[in-house]
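Numbering-wise, the sequence shown is residues 7 to 487 according to this note's numbering.
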Amino acid sequence: MSETIEEEDMLSSLPDAILIEILSLLPINSAAVTSVLSHRWRYLWTGVNRLQFEAEASHFTDIADHILGQLTSHKLRDFELFLSSPSELPEDDALESSFRNVCRRNVEKIFIHVQCSFYEEFFFVPACLFTSQSLVILELVGKLKFDLLADDEIGTIQIPNLKKLSLDYLLDVPLWLGNLVRSCPLLENLNLVFKLDWAESEIADSVDICALNLRLLKIDLEFVGRTQRINISIDAPKLEHLNLRDCTSYYDFVRNPTALVRACIDLIKEERYLEDEDDMDWFPSNHYLHHMSKFVGGMSSISSLDLKLERDSNIFTYLSSVDDGFLPVFRNLSNFEMTLDGIGLNGWKDLILSLRCFPYLKHLEVNMEGDPPMELNHWCEPGSVPECLVSKMKTLQIRGLIGIDDDLKLLAYILSNGVVLDELCVDVCIRNDCKEALHWKERKFCMSLFKLPRSSSTCEVVFSDNFRAHGWQVAVGIFAT
């Protein structure tokens, strides 16, 4: 008992300012409980500058107004809310009033996570969040809807100090989205997640993302059951990191981002896209492939690229073709990771031809996924050898080969031309119902691989299969022939 009192006395000896900072790190319920410790602690919690609490929707406004009414600090640094059952929220006016009280505290960060329990449950975002002059970070998670109008209310949107905006997830593409981004002149980080499966309102057919200070952009768009395409234009000259997962929209750079360092572009369809044959007519066309290859070609400043493609979005067919005398050259790219879903060995010819766009590539990782038909698994040797394979490439990892003779032809091409190659990692997944036959085929493929001639005297071949292990370093051939 004496030790507890001594610890309490040591804590109480700290200045009020430090104690308030400590209390600000606690959920508000825990902070308020400290009021019973002693007379000195009774009102300390009311000075917190960070408000974090969980609430059921039916009680949110009462709780929020009660707590805010007791706070003495004029500055609320963070406001974090975890809300369940938004359908039970009170009328819009009461909700707007509660959030307006939050914004009056010159709040810098607002994070709201809404847990929706059933399909027709949404969270209508209070409009006052988009007029906060002090807000620096705004993160909203849940099924989001807005009452903002494209023309009548868009002029009221003004968040001059906002640096990070995350909307996860949007049920439509608001007509005012581009205006919202433009109203944030200091915006550096933008995250947009769309789930448009059941969009009911009008969807914008184009979005202009104009953010002159933007450094990180992430767009995740799921669009099922519609034939509409969206044109997304990006004007972000300071962009450094780009992450896109969207297999339907058309993307453009107003001006190519010369500061771009890393990009991850995922153009693979969800399995749900394949369920409705009525949607087959809007799958990517040659025009789409040509358009998106030009978009990727505009990222020539990057040093690291992660590209995820399938048969309908295989832009390698167009990436290396000269368009109006222009061939994109990625002079800074040293690391390239790609996923080829359902493309098979047939896609390797276009891939290798495209490598002339990456003359300084040192590390290449190719993940072959899906189960393409055998007619797509034929190796066709290109008529030329990319310079990066001969003089620059140090490591090459290939996952998802199926252990056929054409796989060996591909690997023979790589080993015979990889003059400075240090390591070739090969992961094979042979399909066979018989365990003994599977083991025999994998062993045979492994031995054939190790016997292939190598141009590099230092090249190490690392073989992995699913029969014996899940990692690399299962069988290693370090000899040169």
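Quick reminder that beta carbons are idealized off the backbone N, C-alpha and C, glycines included. Quantities reported herein were computed from a predicted structural model and do not represent experimental measurements.
What residue range is occupied by the uninterrupted beta strand (DSSP E) comprising Asn249? His247 to Arg251
Look up Tyr324 in the DSSP assignment and say whether it is helix, strand or coil. helix
Is Ser319 near Leu248, with beta carbons less than 8 Å apart? no
Ranges of the beta strand (DSSP E) found wholly within the stretch 421–473, counting only runs of at least 3: 429–434 and 466–471
What is the DSSP secondary structure of Lys355, counted as helix, strand or coil? helix
Can you check which of these residues, Trp385, Leu339, Pro379 and Gln139, is closest to Trp354 by C-alpha distance? Trp385
Distance check for Phe301 and Leu245, CA to CA, integer angstroms please. 14 Å
Ala210 and Val260 closer than 8 Å at C-beta: no
On the CB-based measure, 16 or more other CB atoms within 10 Å of its CB, does Met305 come out buried or exposed? buried
Tell me where the beta strand (DSSP E) around Ile118 begins and ends. Lys115 to Gln121
Measure from the alpha carbon of Gln234 to the alpha carbon of each residue in Thr254, Ala217, Lys224 and Glu276, then state which is nearest. Thr254
Can the beta-carbon of Leu421 be found closer than 8 Å to that of Arg460? yes
Just grab the DSSP bridge partners of Leu346 for me. Leu315 and Met374
Per DSSP, which residues does Leu56 bridge with? Please list them. The residue you asked about is not Leu; residue 56 is Arg in the sequence shown. Note: Arg56 sits in a beta bridge opposite Asp84.
Confirm, please, whether the CB-CB distance from Asp428 to Lys400 is below 8 Å. yes
8 Å Cβ cutoff met for Trp51 and Ser41: yes
Cα separation between Asn55 and Leu361? 54 Å
Separation of Lys441 from Val131, as counted between CA atoms: 57 Å
Using 8 Å for Cβ pairs, my map puts Pro392 next to Ile349. What's the rounded Cβ distance? That pair is no contact at about 18 Å.
Quick check on the burial criterion: 16 or more other C-beta atoms within 10 angstroms. Buried or exposed for Pro191? exposed
Keeping to the same chain, check which residues put their C-beta closer than 6 Å to that of Gly53; ignore five residues upstream and five downstream. Ile26, Thr78 and Ser79
Buried or exposed, going by whether 16 or more other CB atoms sit within 10 Å of the CB of Ser326? buried
Measuring alpha carbon to alpha carbon, tell me which of Tyr175, Leu171 and Glu102 ends up nearest Phe128. Tyr175
Relative to the C-alpha of Phe342, which residue among Phe322, Pro365, Leu313 and Leu351 is closest? Leu313
Distance, Cα to Cα, Leu20 vs His119? 34 Å
Can you tell me whether Glu381 is buried or exposed? The criterion is at least 16 other CB atoms within 10 Å of its CB, across all chains shown. exposed
For Ala242, does the three-state DSSP call read helix, strand or coil? coil
Just confirm the distance between the C-beta atoms of Leu141 and Glu102, as a whole number of angstroms; I'd bet it's less than 8 Å. The pair is not a contact, with the Cβ atoms about 16 Å apart (cut-off 8 Å).
Give the straight-line distance between the Cα atoms of Leu414 and Arg317, rounded to the nearest whole angstrom. 22 Å
Tell me the rounded alpha-carbon separation between Phe469 and Trp446. 15 Å
Rounded to the nearest angstrom, what separates Ile236 and Tyr256 at their Cα positions? 6 Å
Quick one, which of Leu202, Leu144 and Phe456 has its alpha-carbon nearest Leu186's? Leu144
Quick check: the Cα distance between Pro388 and Leu417, rounded to an integer number of angstroms? 13 Å
Taking all protein chains shown into account, decide if Met298 is buried (16 or more other Cβ within 10 angstroms of its Cβ) or exposed. buried
Bounding residues of the alpha helix (DSSP H) (the contiguous stretch that carries Gln76): Phe66 to Gln76
Going by the beta-carbon positions, is the gap between Val425 and Ser462 smaller than 8 Å? yes
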